[in-house]
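For reference, the structure discussed in these notes is given below.
What follows is the structure, encoded as C-alpha cells:
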C-alpha cells in the first residue's frame, strides 16, 4: 500500500504545498504522515489527503500489528481523565495530545534542566521553520518565552490544561521525542478503547 508520504514524494509535492491544498498547517501534514506510518489514521483522512494529491484511495488499509512482546505501561487516571465538555475532549487528536503531554509531564524530571531543555529548544527551532498562521506562530513564541525565562511551572500547567488555548499550544508543541514508543502506544490504545471517535 502506498502511503501518503510515498505518494506525495513520488509526485514531487512538498509538505507545504499539500498543506496549502488541504487548508491545514505543515505541522498537521507532518503529524498525519507520522500517524499513518504507525497505522493510526482514519480512512476519511487518508482519502482526503490522497484526493488533494489527485489520487484515488481504494480504501485498502494495512493493519498495524502492535509488538506484543513489550508490555504497554499502565496510565494513571491523572493522565487519562478529561472533562467531557472541555475543548480537549472535542476530538480524538485533542484527547490524545492532552494525554501524551500529561505523560511527558509525569515522566520528565523537570528539576534536571539539562536532561530536557536542549530537546525542547531543538523542537522549538524545528517548528519555527514549519509553523504558519498568526495563532500558531504566537503559540510557538509562548513556548519559546517560557524556556528563555525559565517559567517552567506555567509551561507545564498550560501543556496539561484542557481549554482551547492549551489545545492550540499543543498543536505546535516542541515536546516531540520525549516519550518511548510503548508510552505513545499506551495512550493510543487507551484512547481507542475508551472513546468511540
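Residue numbers (the UniProt record's numbering): 1 to 197. Cβ atoms here follow ideal geometry from the backbone N, Cα and C, with glycine treated the same way.
What would DSSP say about residue 109, mapped onto helix, strand or coil? coil
Of the choices 23, 162 and 177, whose alpha-carbon is the least far from that of residue 86? 162
Could you compute how far the alpha carbon of residue 180 sits from the alpha carbon of residue 103? 11 Å
Excluding sequence positions up to five away, which residues of its chain have a Cβ less than 8 Å from the Cβ of residue 135? 168
Can you list, in chain order, the stretches of the alpha helix (DSSP H) that have 4 or more residues and sit fully within the stretch 22-59? 26-37 and 43-52
Who are the Cβ neighbours of residue 64 in its own chain at under 6 Å, not counting the five residues just before and after it? Unreliable placement is indicated for residue 64, whose pLDDT of 47 sits below 50; no coordinate value is reported for it.
Looking at residue 105 and residue 139, is the spacing between their C-beta atoms short of 8 Å? no
Could you compute how far the alpha carbon of residue 129 sits from the alpha carbon of residue 122? 11 Å
Exposed or buried, residue 32, counting other C-beta atoms within 10 Å across all chains shown (16 or more means buried)? buried
So, do the stretch 5-20 and the stretch 148-162 have three or more beta carbon pairs nearer to each other than 8 Å? no
Among 117, 183, 166 and 3, which has the Cα closest to the Cα of residue 76? 183
Only counting the same chain, and skipping five residues up and downstream in sequence, which positions put a Cβ closer than 7 Å to that of residue 15? 26, 29 and 30
Thinking just about the alpha-carbon of each residue, which of 185, 48 and 35 is nearest to the one in residue 71? 185
Can you check which of these residues, 49, 22 and 23, is closest to residue 35 by C-alpha distance? 49
Around the C-beta of residue 173, are 16 or more other C-beta atoms found within 10 angstroms, so that it is buried, or is it exposed? buried
Might you give, ordered along the chain, the residues of its own chain that have their beta carbon closer than 8 Å to the beta carbon of residue 178, omitting 5 neighbours on each side? 104, 107, 108, 116 and 119
Anticipated Cβ contact below 8 Å, residue 89 with residue 79, distance rounded: With a Cβ gap of about 14 Å, residue 89 and residue 79 do not count as contacting.
C-beta contact flag for residue 94 and residue 195 at 8 Å: no
Going by alpha carbons, who is nearest to residue 6 out of 46, 112, 24 and 42? 46
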